[in-house]
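Enquirer: The numbering of the sequence shown is my numbering, which starts it at 145 and goes up by one.
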Amino acid sequence: MRLVVLASGSSGNAALIESGGRAVLLDVGLSARETLRRVAASGAGDARIEAILLTHEHVDHVRGARVLARRLGIPVMATAGTLRAAAACLSDVPETIAVGRRDRFSVAGMKVTSFATAHDAAESAGFAFESRRGHRVAVATDTGVVTPEVADALAGAHAIGLESNHDLRMLDAGPYPPFLKRRIAGERGHLSNDDAAAALAALAWAGLAHVFALHLSEQNNTPDAARVALARSLNGGGTALETVGRNEIMGCSL
Ligand SMILES: [Zn+2]
Ligand SMILES: [Zn+2]
Numbered sequence: 145m146r147l148v149v150l151a152s153g154s155s156g157n158a159a160l161i162e163s164g165g166r167a168v169l170l171d172v173g174l175s176a177r178e179t180l181r182r183v184a185a186s187g188a189g190d191a192r193i194e195a196i197l198l199t200h201e202h203v204d205h206v207r208g209a210r211v212l213a214r215r216l217g218i219p220v221m222a223t224a225g226t227l228r229a230a231a232a233c234l235s236d237v238p239e240t241i242a243v244g245r246r247d248r249f250s251v252a253g254m255k256v257t258s259f260a261t262a263h264d265a266a267e268s269a270g271f272a273f274e275s276r277r278g279h280r281v282a283v284a285t286d287t288g289v290v291t292p293e294v295a296d297a298l299a300g301a302h303a304i305g306l307e308s309n310h311d312l313r314m315l316d317a318g319p320y321p322p323f324l325k326r327r328i329a330g331e332r333g334h335l336s337n338d339d340a341a342a343a344l345a346a347l348a349w350a351g352l353a354h355v356f357a358l359h360l361s362e363q364n365n366t367p368d369a370a371r372v373a374l375a376r377s378l379n380g381g382g383t384a385l386e387t388v389g390r391n392e393i394m395g396c397s398l
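#1: What number of angstroms, rounded off, separates the C-alpha of ARG326 from the C-alpha of LEU378?
#2: Classify MET145 as helix, strand or coil using the three-state DSSP reduction.
#3: Rounding to the nearest angstrom, what Cα-Cα distance links HIS354 and ARG214 in this structure?
#4: Inspect the beta-carbon positions of GLY395 and LEU174 and report whether they are closer than 9 Å.
#5: Only counting the same chain, and skipping five residues up and downstream in sequence, which positions put a Cβ closer than 7 Å to that of ALA303?
#6: If you pair each beta-carbon of the stretch 224-241 with each one of the stretch 176-186, do three or more pairs fall below 8 Å?
#7: Enumerated in chain order, which unbroken segments of the beta strand (DSSP E) with a length of 3 residues or greater are wholly contained in the stretch 244-284?
#8: Check whether the Cβ atoms of ALA188 and ALA167 lie closer than 9 Å to each other.
#9: On the CB-based measure, 16 or more other CB atoms within 10 Å of its CB, does LEU324 come out buried or exposed?
#10: Express the C-alpha separation of HIS359 and ASN203 in angstroms, rounding to a whole number.
#11: Over what stretch of residues does the alpha helix (DSSP H) that includes ILE328 continue unbroken?
#12: Note down, in chain order, each residue of its chain lying with its Cβ closer than 7 Å to the Cβ of GLU307, except the 5 sequence neighbours on either side.
#13: Please look up how many angstroms separate the CB atoms of GLY217 and ALA191, rounded, as I've assumed it's under 8 Å.
#14: Expressed to the nearest angstrom, what Euclidean distance is found between the alpha-carbon atoms of ALA195 and SER155?
#15: Going straight from the alpha carbon of VAL256 to that of VAL149, what length do you get?
#16: Between the alpha carbons of ARG248 and ALA317, how many angstroms are there, rounded?
#17: So for VAL289, helix, strand or coil by DSSP?
#18: To which residues of the same chain is LEU315 closer than 7 Å at the C-beta, ignoring the five residues directly before and after it?
#19: Can you round the beta-carbon distance between HIS338 and ALA295 to whole angstroms, since I take them to be within the 8 Å contact cut?
#20: With H, G and I counted as helix, E and B as strand and the rest as coil, what does DSSP make of VAL172?
#21: Which term fits ASN391, buried or exposed, when burial requires 16 or more other beta carbons within 10 angstroms of its beta carbon?
#22: For the alpha helix (DSSP H) holding GLY225, just list the boundary residues, first then last.
#23: Rounded C-beta distance between LEU347 and ALA299? I'm assuming under 8 Å.
In structure tokens, the structure reads:
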């Protein structure tokens, strides 16, 4: 099983989750062409992409979904609220499939569990994936807080992608207008380094092999600040920790 982060941040988000040669794209916030270029560059170009799963309708998550779904002839899956809110960007896709926010379903041979995220979108969700061999990958971004439900979904994962959007001091001292600062730091905004670190401290376990810090703000965070915050929660155990920049491709195999 592989988790490959193809892009992360407010300029575009996309990840590929693959198991046994079958794969699903989690968000397509880049153009279709750039997404496929990065899939090939990641070494996962031989995987058969069977569906696109969207977390929510914001453009940094759906930008290339329509063109890519049409080009590959694959369905777009998301909550009913996300499908409705993104309808204008999903016209003429081969198929849309609504999933629940607390649902279990199968895609590309993997078992998927959905969970509600706390974000200023219609019906945002995150997803955890389990391979036939029992490996687990979970990704949670665009959530203002880690609710017990989010924490539950991430517990026991072997690889976690977790939002580490901003450093609160940098956000506070930075140039954003007050309404935007409140939105980002709010309960339906984005997760701070400190909140990500607190969540991770409770999620660390012996089987957690990889953590990817995602959706880092260019303006209100640095890879170092995110890394230092999250590393404390891992206590120097055997977990590999990576921060993913907007133009970086990073992945792991389980
Ligand atoms: Zn986003
Ligand atoms: Zn968003």
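Beta carbons: idealized from backbone N, C-alpha and C, even for Gly.
Expert: According to the structure data:
#1: C-alpha separation (whole angstroms): 29 Å.
#2: In the three-state reduction of the DSSP assignment, MET145 falls in the coil class, being assigned neither a helical nor a strand state.
#3: Distance between the alpha carbons of HIS354 and ARG214 is about 33 Å.
#4: With respect to the 9 Å criterion, GLY395 and LEU174 are not classified as neighbours on the basis of their beta carbons.
#5: In its chain, beyond the 5 residues on either side, LEU147, VAL281, ALA353, HIS354, CYS396 and LEU398 have a beta carbon closer than 7 Å to the beta carbon of ALA303.
#6: Too few Cβ pairs lie closer than 8 Å, so no.
#7: Qualifying beta strand (DSSP E) stretches, in chain order: 248-251, 254-260, 269-274 and 280-284.
#8: Taking 9 Å as the Cβ cut-off, ALA188 and ALA167 qualify as a contacting pair.
#9: By the Cβ neighbour-count rule, LEU324 is exposed, with fewer than 16 other Cβ atoms within 10 Å of its own.
#10: Reading off the sequence, residue 203 comes out as Val, not Asn. The alpha-carbon of VAL203 is positioned some 14 Å away from that of HIS359.
#11: Judged by DSSP secondary structure, ILE328 falls within the alpha helix (DSSP H) whose first and last residues are 322-329.
#12: In chain order, ALA284, THR285, ASP286, THR287, HIS334, LEU335, ALA340, LEU358 and HIS359 place their CB closer than 7 Å to the CB of GLU307, counting only its own chain and leaving out the 5 sequence neighbours on each side.
#13: About 16 Å; that fails the 8 Å criterion.
#14: When rounded, the distance between both Cα atoms is 22 Å.
#15: Cα-Cα distance, rounded: 18 Å.
#16: If you draw a straight line from the Cα of ARG248 to the Cα of ALA317, it is about 42 Å long.
#17: In the structure shown, VAL289 sits in coil (DSSP, three-state: anything other than H, G, I, E or B).
#18: LYS325, ILE328, ALA329 and ASN364.
#19: It is worth fixing the name first, because residue 338 is Asp in this sequence and not His. Contact flag wrong, Cβ pair sits at about 15 Å.
#20: Under the three-state reduction of DSSP, VAL172 is assigned to strand.
#21: Answer is exposed; the Cβ neighbour count stays below 16.
#22: Unbroken alpha helix (DSSP H) run through GLY225: 224-229.
#23: The beta-carbon distance between LEU347 and ALA299, rounded to whole angstroms, is 6 Å. This is short enough to meet the 8 Å contact definition.
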